[in-house]
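Below: the structure, in structure tokens.
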Amino acid sequence: MAESPSSPPGLLARIAQSAEYSIAAALLLVCVVVGASLWWLQPQEPEATETAAVSTTGAAAPAVDEREALDQARRRLGERFSELDEQQRRRAADDEARRERQRTEAAAAADARREADRARLQAEAQAREQQAAVRATAPAVPAPAPVPAARRPAEIVDAAIDWSSCRRPSYPAGSVRRGEEGVVVIAADLDASAKVRQTRVAQSSGHEALDRVTLEAVGKCRFSPATEDGVAKAATAQVRFTWKLQN
Numbered sequence: 195m196a197e198s199p200s201s202p203p204g205l206l207a208r209i210a211q212s213a214e215y216s217i218a219a220a221l222l223l224v225c226v227v228v229g230a231s232l233w234w235l236q237p238q239e240p241e242a243t244e245t246a247a248v249s250t251t252g253a254a255a256p257a258v259d260e261r262e263a264l265d266q267a268r269r270r271l272g273e274r275f276s277e278l279d280e281q282q283r284r285r286a287a288d289d290e291a292r293r294e295r296q297r298t299e300a301a302a303a304a305d306a307r308r309e310a311d312r313a314r315l316q317a318e319a320q321a322r323e324q325q326a327a328v329r330a331t332a333p334a335v336p337a338p339a340p341v342p343a344a345r346r347p348a349e350i351v352d353a354a355i356d357w358s359s360c361r362r363p364s365y366p367a368g369s370v371r372r373g374e375e376g377v378v379v380i381a382a383d384l385d386a387s388a389k390v391r392q393t394r395v396a397q398s399s400g401h402e403a404l405d406r407v408t409l410e411a412v413g414k415c416r417f418s419p420a421t422e423d424g425v426a427k428a429a430t431a432q433v434r435f436t437w438k439l440q441n
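Quick note, our numbering runs 194 ahead of the 1-based positions in the sequence shown.
Put into structure tokens, the structure is as follows:
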């Protein structure tokens with residue numbers, strides 16, 4: 195990861211480097227000043243031979259000292275530049291080592307995250323498999339039995355005689371003369387199609403003539419079928435007939 199130039203370590207490094215170059219520039223300036231001083235301090239041409247000889251002999255020692263001082267300044271400057279170069283190389287090596295360490299740590303962190311994700315997915319898959327196995331081995335829960343619907347009473351329709359399909363019985367002449375009256379109940383056994391199979395006197399009027407005439411008339415009539423919940427069925431119809439003389 196590259197460091198921002200405005201971060202504290204980068205800023206300190208730039209300040210230190212600027213200070214080192216400032217020192218080197220100061221040393222270089224000192225050398226220039228010393229050289230200029232030596233040049234300005236050189237003795238002038240002698241007017242006479244004798245004077246020149248004496249002056250040359252006297253100025254030889256200072257000139258040697260100045261050259262030695264200049265050489266020493268140059269050596270110190272060279273050594274300082276060498277130190278600066280070495281410091282820059284070490285700093286560059288340290289920066290590269292730090293970047294390499296950061297890359298290594300980032301790669302290790304990424305590997306750790308991938309390994310954690312893989313372990314999590316594997317654990318989730320194992321949990322799903324275990325749940326499926328438990329469901330497969332668990333006994334099936336029987337479905338609740340349906341609640342029986344409340345039984346409603348059957349809708350029953352009794353068979354009924356259709357007097358429009360036959361003639362009503364007429365009063366026998368003998369019964370009229372004798373003044374016979376009464377109630378006759380005829381039982382008619384019907385099949386599912388309401389066809390009369392058999393008739394009989396279920397309740398007598400007490401007069402044979404009235405019972406016989408009623409039985410014959412009912413046997414010739416049609417009936418509506420008896421039904422249970424709309425389904426026709428065989429049944430016995432009760433036909434009640436009242437005999438009464440009119441005054």
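Note that CB positions come from ideal geometry on N, CA and C, so glycine has one too.
> First and last residue of the alpha helix (DSSP H) that includes residue 405?
Replying inline: Along the sequence shown, read from residue 1 onward, the residue named residue 405 stands at position 211. Here the alpha helix (DSSP H) through residue 405 covers 402-413.
> DSSP state of residue 418, grouped into three classes?
Replying inline: As a working note, residue 418 is residue 224 in the sequence shown. Three-state DSSP puts residue 418 in a strand.
> In three-state DSSP terms, what is residue 330?
Replying inline: Looking up residue 330 in the sequence shown gives position 136. Of the three classes helix, strand and coil, the one that applies to residue 330 here is helix, per DSSP.
>> For residue 340, which residues in the same chain have their Cβ closer than 7 Å to its Cβ, ignoring the five residues on either side in sequence?
In response: Start at 1 with the first residue of the sequence shown, and residue 340 comes out as number 146. Excluding residues within five positions, none has a Cβ falling inside 7 Å.
>> Suppose only complete runs of 3+ residues qualify. What are the beta strand (DSSP E) ranges in the segment 354-384, listed by chain order?
In response: 354-356 and 376-384
> Does DSSP classify residue 239 as helix, strand or coil?
Replying inline: By one-based count along the sequence shown, residue 239 stands at place 45. Bear in mind that a pLDDT of 49 at residue 239, under 50, signals an unreliable position, so the number given afterwards is only what the model happens to contain. Correct three-state label for residue 239: coil.
>> So the candidates are 261, 423 and 432; which of them puts its Cα closest to the Cα of residue 345?
In response: In the sequence shown, residue 345 corresponds to position 151, counting from 1. If we check each option's Cα against that of residue 345, 423 comes out closest.
>> Going by C-alpha to C-alpha distance, which of 367, 426 and 435 sits closest to residue 395?
In response: Taking the sequence shown and counting its residues from 1, one reaches residue 395 at position 201. Of the candidates 367, 426 and 435, the one whose C-alpha sits nearest the C-alpha of residue 395 is 435.
> Under a Cβ-count criterion, where at least 16 other Cβ atoms within 10 Å of its own Cβ denotes burial, should residue 317 be classed as buried or exposed?
Replying inline: Numbered from its first residue, the sequence shown carries residue 317 at position 123. Exposed, since its Cβ has fewer than 16 Cβ neighbours within 10 Å.
> Alpha carbon to alpha carbon, how far is residue 326 from residue 350?
Replying inline: Taking the sequence shown and counting its residues from 1, the one referred to as residue 326 is at position 132. Taking the sequence shown and counting its residues from 1, the one referred to as residue 350 is at position 156. Cα to Cα, the separation comes out at about 56 Å.
>> Which of the three DSSP states is assigned to residue 391 in this structure?
In response: Reading the sequence shown from its first residue, position 197 is the one you call residue 391. DSSP places residue 391 in strand when its eight states are reduced to three.
>> Considering only their Cβ atoms, is the gap separating residue 378 from residue 352 smaller than 7 Å?
In response: Walking along the sequence shown from the start, residue 352 turns up at place 158. Walking along the sequence shown from the start, residue 378 turns up at place 184. Contact: no.
> Between which two residues does the beta strand (DSSP E) carrying residue 431 extend?
Replying inline: As a first step, residue 431 must be located in the sequence shown, where it is residue number 237. Its beta strand (DSSP E) spans residues 429-437.
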